[in-house]
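The structure under discussion appears below in the form of structure tokens.
2 protein chains.
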Amino acid sequence: MAKGEPGEHNVTIHDIARQAGVSVATVSRVINQQPGVGAETRARLERLFAELGYSVNVQAQQLSTGRSKLIGVVFPVEISRIVLHPVYLPLLGAVGDAAAERGHAVLLATSSGHLDQTLDVLHRHGVDGVILPAAGPADPLLGALADLEARTVLIGHRTDEPQLRWVDSDHDVAAYRLTRHLIDNGRRRLVHLGGPGDVSAAVLRAKGFVQAIEEAGTRVSFAAVEQISFNSSLAAARARSILTHPDGPPDGIVCGSDLIASGVLLAARELGISVPGDLAVTGFDDLELAAHTAPPLTSVRMPLRELGAAAVSMLLDYPNGVSPRSVLLNQEILYRESTEGPRQPPRAGGTSHKPGESQ
Amino acid sequence: MAKGEPGEHNVTIHDIARQAGVSVATVSRVINQQPGVGAETRARLERLFAELGYSVNVQAQQLSTGRSKLIGVVFPVEISRIVLHPVYLPLLGAVGDAAAERGHAVLLATSSGHLDQTLDVLHRHGVDGVILPAAGPADPLLGALADLEARTVLIGHRTDEPQLRWVDSDHDVAAYRLTRHLIDNGRRRLVHLGGPGDVSAAVLRAKGFVQAIEEAGTRVSFAAVEQISFNSSLAAARARSILTHPDGPPDGIVCGSDLIASGVLLAARELGISVPGDLAVTGFDDLELAAHTAPPLTSVRMPLRELGAAAVSMLLDYPNGVSPRSVLLNQEILYRESTEGPRQPPRAGGTSHKPGESQ
DNA sequence: CTGAAAGCGCTTACAG
DNA sequence: CTGAAAGCGCTTACAG
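Protein chains in written order, with the numbering used here: chain S, 1 to 359; chain Z, 360 to 718.
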């Protein structure tokens with residue numbers, strides 16, 4: 001891997017040039033797919049690349065152009081909570097793939113140490129921009145990056161800071177639609193069991209729930225919002241108390257994640273509450289498990305690959321200060337058995353149950 | 360972040376040299392903390408660095424030295440399963456921190472694309488070595504890296520390939536001790552509900568369980584090994600069937616992860632089986648949740664930070680072919696309530712229950 | 001203890 | 001369509 005492996009001389013642009021009887025400038029042009037090289041010459045050189053196993057030395061390119069072709073990706077200090085949220089690794093993969101497609105690589109910086117250290121690594125390596133895939137409102141990095149006027153794109157946190165840009169998906173809209181769906185199906189006592197308040201997505205999901213409740217007015221007789229961490233065991237415990245509340249149990253729970261929802265499902269089964277008969281349950285994230293719970297869970301899919309691609313594109317395609325400053329992508333709702341059918345009133349004629357949107 | 364930000368000229372080694380009235384060679388020496396510079400000169404230059412906000416251009420260093428100061432980290436193609444295993448992100452953080460301490464940065468390559476692409480990225484960036492934190496037996500990257508004689512360290516998979524090196528912790532020993540602990544406490548009908556067979560750690564954990572069972576001979580009246588993915592909902596479903604088996608339920612379940620164990624705990628509660636009274640349950644990984652389940656879960660902590668540090672050290676401190684070829688670290692068992700006390704026989708005199716090891 | 005100079009492998013005006 | 005040459009910001013023998 002290391003360029004300077006002992007023994008073999010690494011083949012450089014000069015070797016190619018000599019072998020081909022052309023100048024290094026010409027070789028450089030075909031490497032970078034620039035115009036101004038005869039088709040025949042180009043083809044000959046490309047053959048030579050393969051033959052001699054030539055691959056360009058990025059460091060030299062970087063030094064010469066001042067562009068590093070490196071995207072810095074930083075995870076927040078409080079990694080412990082993040083860890084438990086299974087979307088971050090695929091998201092990281094999406095960013096990496098999108099970067100690779102654009103000829104960029106990902107430099108990973110975990111901000112476990114001091115802020116200055118993290119910034120220093122990014123700076124010394126001259127990253128062309130930085131992406132924060134798990135950005136949160138309290139992250140000190142945000143202010144620091146804004147001050148440095150570094151090209152920065154946050155994923156999953158909508159910042160007001162004018163120096164920063166962000167990419168997100170519409171958690172609030174999805175939560176709103178999910179809640180509407182339950183109400184339209186006759187659910188009247190609803191609870192949102194959402195994720196922690198310092199996770200931006202969790203806040204948006206709660207917001208969408210509340211909005212649907214407010215719009216429904218008197219059609220909903222009871223509604224509550226609770227917070228919990230993204231963990232099914234903890235959620236099961238909480239659900240147990242919610243479902244045995246003296247004032248009577250809810251008939252619909254909109255959960256802030258599939259992990260939470262799977263805990264709710266277990267608690268319901270334990271208590272002999274039938275889902276979706278007596279209780280509708282929805283998740284978020286569409287983890288692999290969502291399709292395999294009993295019953296399968298209505299959930300919401302974040303466009304992870306699109307989020308990654310959009311973040312990379314924002315970083316690379318637009319100089320700072322040029323629009324768009326933000327991108328908002330749609331989430332897809334996957335209707336499954338856990339929210340099926342209306343509850344008490346037997347299905348009326350032309351009512352709700354949305355077809356065509358399920359998968 | 361980018362070195363070539365429009366406007367301001369980036370301060371280089373030449374600027375420092377001019378200001379200080381010394382040669383660039385001298386400046387270079389103090390940057391690299393090499394001997395041969397007067398204490399007074401050194402101090403003056405260091406002050407200048409801070410004053411002018413100088414930070415070395417790594418690309419230039421890299422080009423000049425042939426060392427990239429970059430460690431490649433590759434996650435396997437089958438990221439979907441990995442994702443669900445919460446140790447990988449902290450492990451990644453540990454590798455990153457250890458690398459940073461040694462003045463190296465982490466280049467992240469997700470191997471979602473073709474093998475060749477992944478290798479090409481690593482090669483073009485001239486990484487000084489590569490670490491596979493989620494290595495598995497079936498990963499085609501292993502063979503490719505071995506063929507290239509690239510400095511490679513696997514974490515969590517013990518390979519026989521002589522070209523590769525690995526770092527791991529003793530899953531088998533921990534599982535063995537856990538199982539012994541249950542047997543010593545009077546448990547007689549034991550089940551191992553372990554993780555998937557293509558995860559090396561899961562295989563080792565099962566192996567430790569089996570070894571303890573074999574050693575116990577007739578002291579154990581029933582034992583079984585089952586596999587499941589690292590998911591608490593799925594585990595709960597499986598546990599339900601195990602715990603209601605017509606042949607009678609086990610009185611101890613050694614689980615392949617805390618996620619699995621938390622599912623087992625829920626199923627037990629649902630069935631009115633008391634833990635640890637009627638059933639002892641153990642986890643693995645010591646996730647945050649382990650201390651918060653009801654009852655708190657006896658679990659095993661992998662030395663994640665040490666694993667990361669050891670992998671980095673192996674990569675950087677030893678040229679290929681020089682020992683050690685592998686490093687095996689201890690895991691720590693955290694005894695909690697879920698395995699407390701013996702089951703049937705009232706506590707005998709000088710028996711087992713290990714004190715001093717709990718936390 | 002310090003400096004002058006070559007070189008790392010590229011890119012890029014500039015000239016033809 | 002192609003080439004000669006300067007330059008990117010460092011390091012490193014070599015000489016003093």
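Where a beta carbon is used, it is the ideal one built from N, C-alpha and C, also for glycine.
Closer than 7 Å to chain S by CB, residue i
i, result
"Gln418 of chain Z", "yes"
"His722 of chain Z", "Because residue 722 of chain Z is not part of the residues shown, which for chain Z are 360 to 718, the question remains open."
"Val671 of chain Z", "no"
"Ile438 of chain Z", "Confidence is the limiting factor: at Ile438 of chain Z the pLDDT is only 47, short of 50, which leaves the residue's position unreliable and the question unanswerable from this model."
"Glu629 of chain Z", "yes"
"His473 of chain Z", "no"
"Leu648 of chain Z", "yes"
"Arg483 of chain Z", "yes"
"Ile375 of chain Z", "no"
"Ala595 of chain Z", "yes"
"Leu549 of chain Z", "no"
"Asn590 of chain Z", "yes"
Residue i (DSSP reduced to helix, strand or coil)
i, result
"Leu75 of chain S", "Checking the sequence shown, residue 75 of chain S turns out to be Phe, not Leu. In this structure, Phe75 of chain S counts as strand in the three-state DSSP scheme."
"Val11 of chain S", "coil"
"Ser616 of chain Z", "coil"
"Ala653 of chain Z", "coil"
"Ala493 of chain Z", "coil"
"Ala376 of chain Z", "helix"
"Thr339 of chain S", "helix"
"Val153 of chain S", "strand"
"Thr577 of chain Z", "helix"
"Val389 of chain Z", "helix"
"Glu520 of chain Z", "coil"
"Gly195 of chain S", "coil"
"Gln62 of chain S", "helix"
Test: residue i CB closer than 7 Å to a CB of chain Z
i, result
"Gln62 of chain S", "yes"
"Leu107 of chain S", "yes"
"Arg308 of chain S", "One detail in the question is off: residue 308 of chain S reads as Gly in this sequence, not Arg. No, its Cβ sits nowhere closer than 7 Å to a Cβ of chain Z."
"Gln359 of chain S", "The pLDDT assigned to Gln359 of chain S is 35, lower than 50, so where the model puts this residue is not dependable; a value taken from the coordinates is nonetheless given after this. With 7 Å as the cut-off, Gln359 of chain S does not count as an interface residue toward chain Z."
Rounded straight-line distance, which links the Cα of residue j to that of residue i
i, j, result
"Arg158 of chain S", "Val167 of chain S", "8 Å"
"Leu429 of chain Z", "Asp487 of chain Z", "6 Å"
"Ser200 of chain S", "Gln59 of chain S", "38 Å"
"Gln393 of chain Z", "Gly425 of chain Z", "18 Å"
"Tyr413 of chain Z", "Gly308 of chain S", "33 Å"
"Ala571 of chain Z", "Gly611 of chain Z", "13 Å"
"Glu696 of chain Z", "Arg124 of chain S", "49 Å"
"Thr12 of chain S", "Leu48 of chain S", "12 Å"
"Asp475 of chain Z", "Ser427 of chain Z", "20 Å"
"Ala376 of chain Z", "Gly126 of chain S", "22 Å"
"Phe209 of chain S", "Ser241 of chain S", "21 Å"
"Asn369 of chain Z", "Gly455 of chain Z", "27 Å"
"Thr244 of chain S", "Val613 of chain Z", "32 Å"
"Tyr318 of chain S", "Val415 of chain Z", "27 Å"
"His373 of chain Z", "Ser382 of chain Z", "8 Å"
"Leu663 of chain Z", "Leu450 of chain Z", "6 Å"
"Gln61 of chain S", "Ala402 of chain Z", "34 Å"
Best match in the options for proximity to residue i [C-alpha to C-alpha]
i, options, result
"Pro137 of chain S", "S:Leu193, S:Ile155, S:Arg240, S:Gly186", "S:Ile155"
"Ala565 of chain Z", "Z:Tyr535, Z:Arg546, Z:Leu541, Z:Val659", "Z:Tyr535"
"Glu340 of chain S", "S:Ser169, S:Gly186, S:Ala135, S:Ala235", "S:Gly186"
"Leu593 of chain Z", "Z:Ser616, Z:Glu573, Z:His604", "Z:Ser616"
"Leu178 of chain S", "S:Glu46, S:Val300, S:Asn330, S:His245", "S:Val300"
"Ala223 of chain S", "S:Leu204, S:Gly248, S:His192", "S:His192"
"Gln734 of chain Z", "Z:Ser528, Z:Ser387, Z:Leu404, Z:Ser591", "Past the edges of chain Z, shown from 360 to 718, lies residue 734 of chain Z, and the structure says nothing about it."
"Leu329 of chain S", "S:Leu119, S:Arg151, S:Val203, S:Val173", "S:Val173"
"Arg219 of chain S", "S:Ser232, S:Arg189, S:Ser241", "S:Arg189"
"Ala237 of chain S", "S:Pro250, S:Leu266, S:Pro246, S:Val210", "S:Leu266"
"Gln331 of chain S", "S:Ala291, S:Met314, S:Ser313, S:Asp286", "S:Asp286"
"Ala598 of chain Z", "Z:Asp529, Z:Ser580, Z:Leu630, Z:Glu574", "Z:Leu630"
"Asp75 of chain S", "S:Thr152, S:Leu132, S:Ile183", "Checking the sequence shown, residue 75 of chain S turns out to be Phe, not Asp. The shortest C-alpha separation from Phe75 of chain S is found at S:Leu132."
"Ala291 of chain S", "Z:Asn590, Z:Gly622, Z:Leu618", "Z:Asn590"
"Pro250 of chain S", "S:Ile260, S:Leu259, S:Val264", "S:Val264"
heavy atom of the ligand ZN below 6 Å from residue i C-beta
i, result
"Ser382 of chain Z", "What this structure holds is no ligand at all, so the ligand ZN is not there to describe."
### Task
Decide yes or no for the touch test of the segment 276-286 of chain S against the segment 295-302 of chain S: beta carbon pairs closer than 8 Å, at least 3 of them.
Contact holds: three or more Cβ-Cβ distances are below 8 Å.
### Query
Given 8 Å as the limit, is there contact between the segment 580-598 of chain Z and the segment 177-197 of chain S, that is, 3 or more CB pairs closer than that?
No: fewer than three Cβ pairs fall under 8 Å.
### Task
Would you check if there are 3 or more beta carbon pairs closer than 8 Å linking the segment 95-113 of chain S to the segment 459-471 of chain Z?
The segment 95-113 of chain S, when compared against the segment 459-471 of chain Z, does touch it at the 8 Å Cβ threshold.
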